[in-house]
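Residue numbers (our numbering): 72 to 694.
Just so it is clear, CB atoms sit at the ideal spot from N, CA and C, and this is done for glycine as well.
This structure is a prediction, so every number in the text was calculated from the model and none was measured.
Following this line, the structure appears as structure tokens:
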């Protein structure tokens with residue numbers, strides 16, 4: 072029998088009790104965060120406030136998936152909550168698949184602010200984390216799945232039983248992304264032909280691919296010279312067979328095929344990359360489905376749209392709430408644009424910051440320690456610091472907007488910014504420039520990649536070798552037989568042993584393309600005094616003393632603008648940009664003009680809150 076004999080024993084018991092209470096509190100919070108207690112309540116079509124009878128069409132927002140903390144492709148629960156709250160507060164009402172069918176087939180009026188919501192890929196974490204948020208705002212959504220995942224029993228994806236259970240509370244209805252996700256006519260970035268790949272194979276080599284591949288329903292299967300290796304009859308049979316497999320699996324597992332389909336991925340043509348492929352897809356999808364989402368990048372649909380050619384917007388995980396709202400604003404007809412009101416942050420913080428900043432263009436959201444400035448489509452977002460007319464200033468800021476795009480600090484600026492000094496991060500380049508009378512002069516430019524240490528740089532030869540090694544390894548892992556697997560693994564070992572010159576040996580450096588969702592995190596310190604400007608990047612003086620000709624006192628402003636078409640293949644459909652200005656301090660001599668850094672107890676509480684969230688995330692993901 073355990074006896075309490077010493078002070079150390081008492082401390083141990085108290086500590087154990089406290090640890091147990093903390094664990095119970097975390098477990099309770101985790102369960103509460105995931106539990107659903109209500110059922111979906113459809114909107115009242117007889118309520119003229121919701122349905123006036125006017126035809127305003129509907130918007131469609133489709134998320135790739137949801138993760139508790141978020142990833143580079145999956146939106147975090149916090150972001151999802153903020154975005155759906157914004158749409159809810161604007162008066163948007165979710166509509167069902169049947170509502171859309173009634174709208175097109177029977178002329179039934181939709182709500183004046185109709186939102187159709189989707190989540191793609193059928194991920195288990197999506198349902199786990201999004202359900203509570205749907206309940207919170209009484210939103211209905213369609214969750215899409217791939218038929219082949221039912222047989223694989225991959226725990227990352229929802230089973231047929233899971234999908235049936237989701238339908239019961241009314242917040243979810245079912246759709247499909249198709250039979251499977253697969254790729255054809257694939258090449259790596261060195262022009263090596265990879266041919267056909269499953270989604271699992273694709274993931275293994277994706278980092279070595281460019282954009283030279285196609286989805287398996289979009290084209291003929293071709294050889295390395297891009298010549299079709301199947302006849303039209305064979306192509307039609309291959310594609311039709313996949314639809315039949317899909318029909319069979321959904322019928323067996325769910326009792327019927329979902330009414331809604333998202334064809335992957337036909338933005339380049341009606342239902343494929345050429346007329347023959349499009350025709351066979353059209354025949355099959357119109358036979359099996361009542362609704363098809365065929366395009367992405369544009370959110371608005373109306374009576375002029377086809378039920379088999381609907382379009383959706385797919386928010387990136389890095390988008391701010393205002394980024395989504397700006398894209399919706401741009402898509403809506405002119406008469407509906409005024410219905411979009413941008414978020415500013417919590418009321419208390421927004422009111423406090425409105426005393427400091429004046430929004431000139433775009434949209435701005437204030438969060439603790441951050442200013443998120445969203446540009447106009449193909450334009451700029453600008454906020455100016457009120458009551459700041461300074462000549463010599465010091466600025467420190469962490470710029471955390473994505474690398475593709477421009478974040479700018481304007482100094483000594485007149486009201487129109489036709490006369491000013493500009494320090495910008497532009498597509499991951501530091502650019503110092505000035506305007507005097509409207510004409511711009513670039514004073515300094517540096518590619519931030521030049522700051523990467525030599526030992527961290529790889530050569531094209533090394534990358535080519537690593538790509539080939541990864542490709543053989545992938546083939547070995549997914550080979551049809553043990554004998555083939557051994558052959559591929561042997562080839563991978565041989566490829567990995569190939570001699571490849573390094574950058575230090577004079578080989579050409581491999582520099583990866585910047586992706587649109589690649590987040591930046593660069594600290595700038597700007598020192599402007601008299602006719603000299605100096606910029607430190609992450610503590611390193613990279614500019615030295617740069618002479619400037621604009622020397623009179625002026626205003627201070629922040630700017631955010633899109634990165635331009637063609638800089639990255641992934642940003643063709645997105646011309647809105649979020650500049651993120653964190654830990655911003657602006658001083659003039661001994662006078663602090665602005666400071667949004669956390670100090671004292673606010674900083675301590677932020678650390679505690681972050682630690683709590685990390686703990687809660689762990690419990691939720693490991694329940």
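For residue i, count neighbouring C-beta atoms within 10 Å of its own C-beta (all shown protein chains included) and say buried if the count is 16 or more, exposed if not.
i: residue 282; result: exposed
i: residue 494; result: buried
i: residue 375; result: exposed
i: residue 169; result: exposed
i: residue 287; result: buried
i: residue 77; result: exposed
i: residue 472; result: buried
i: residue 587; result: buried
i: residue 119; result: exposed
i: residue 509; result: exposed
i: residue 182; result: buried
i: residue 409; result: exposed
i: residue 564; result: exposed
i: residue 217; result: buried
i: residue 298; result: exposed
i: residue 174; result: buried
i: residue 238; result: exposed
i: residue 377; result: exposed
i: residue 125; result: exposed
Residue i to residue j, Cα distance in whole Å?
i: residue 111; j: residue 161; result: 19 Å
i: residue 530; j: residue 445; result: 37 Å
i: residue 290; j: residue 166; result: 34 Å
i: residue 536; j: residue 269; result: 23 Å
i: residue 499; j: residue 589; result: 10 Å
i: residue 662; j: residue 602; result: 20 Å
i: residue 424; j: residue 477; result: 23 Å
i: residue 404; j: residue 212; result: 24 Å
i: residue 642; j: residue 394; result: Annotation note: pLDDT 40 at residue 642 (below 50); position unreliable, coordinate value reported separately. So the two alpha carbons sit approximately 14 Å from each other.
i: residue 768; j: residue 164; result: With the chain covering only 72 through 694, there is no way to say anything about residue 768.
i: residue 344; j: residue 358; result: 20 Å
i: residue 632; j: residue 650; result: 8 Å
i: residue 552; j: residue 379; result: 41 Å
i: residue 326; j: residue 273; result: 31 Å
i: residue 607; j: residue 614; result: 7 Å
i: residue 474; j: residue 145; result: 19 Å
i: residue 236; j: residue 208; result: 20 Å
i: residue 505; j: residue 485; result: 12 Å
i: residue 285; j: residue 319; result: 25 Å
i: residue 300; j: residue 582; result: 35 Å
i: residue 225; j: residue 315; result: 22 Å
i: residue 198; j: residue 232; result: 13 Å
i: residue 479; j: residue 158; result: 29 Å
Which residues in the same chain as residue i place their Cβ atom closer than 7 Å to its Cβ, once the five residues preceding and following it in sequence are excluded?
i: residue 141; result: 147, 150 and 388
Can you name, in chain order, every residue of its own chain whose Cβ lies under 6 Å from the Cβ of residue i, other than the five neighbours on each side?
i: residue 448; result: 401, 646 and 647
i: residue 280; result: 259
i: residue 502; result: 495 and 516
i: residue 255; result: 267, 285, 287 and 292
i: residue 123; result: 183
i: residue 539; result: 566
Using 8 Å as the threshold, is the C-beta distance between residue i and residue j below it?
i: residue 136; j: residue 192; result: yes
i: residue 460; j: residue 624; result: yes
i: residue 341; j: residue 370; result: no
i: residue 452; j: residue 438; result: no
i: residue 573; j: residue 542; result: no
i: residue 454; j: residue 628; result: yes
i: residue 696; j: residue 347; result: With the chain covering only 72 through 694, there is no way to say anything about residue 696.
i: residue 363; j: residue 131; result: no
i: residue 428; j: residue 396; result: no
i: residue 507; j: residue 621; result: yes
i: residue 129; j: residue 190; result: no
i: residue 490; j: residue 481; result: no
i: residue 440; j: residue 669; result: yes
i: residue 355; j: residue 310; result: yes
i: residue 559; j: residue 547; result: yes
i: residue 133; j: residue 383; result: yes
i: residue 549; j: residue 271; result: yes
i: residue 152; j: residue 204; result: yes
Give me, in chain order, the residues of the same chain whose beta-carbon lies closer than 8 Å to that of residue i; leave out the 5 immediate sequence neighbours on both sides.
i: residue 463; result: 599, 600, 601, 659 and 660
i: residue 611; result: 522
i: residue 221; result: 230, 231, 320 and 324
| said: Taking contact to mean 3 or more Cβ pairs, one atom from each stretch, closer than 8 Å, check whether the segment 582-597 and the segment 466-475 are in contact. | reply: With the cut-off at 8 Å, the segment 582-597 and the segment 466-475 touch.
| said: With three or more beta-carbon pairs closer than 8 Å as the criterion, would you say the segment 319-337 touches the segment 246-255? | reply: Touching, yes, given that three or more Cβ pairs across the two stretches are closer than 8 Å.
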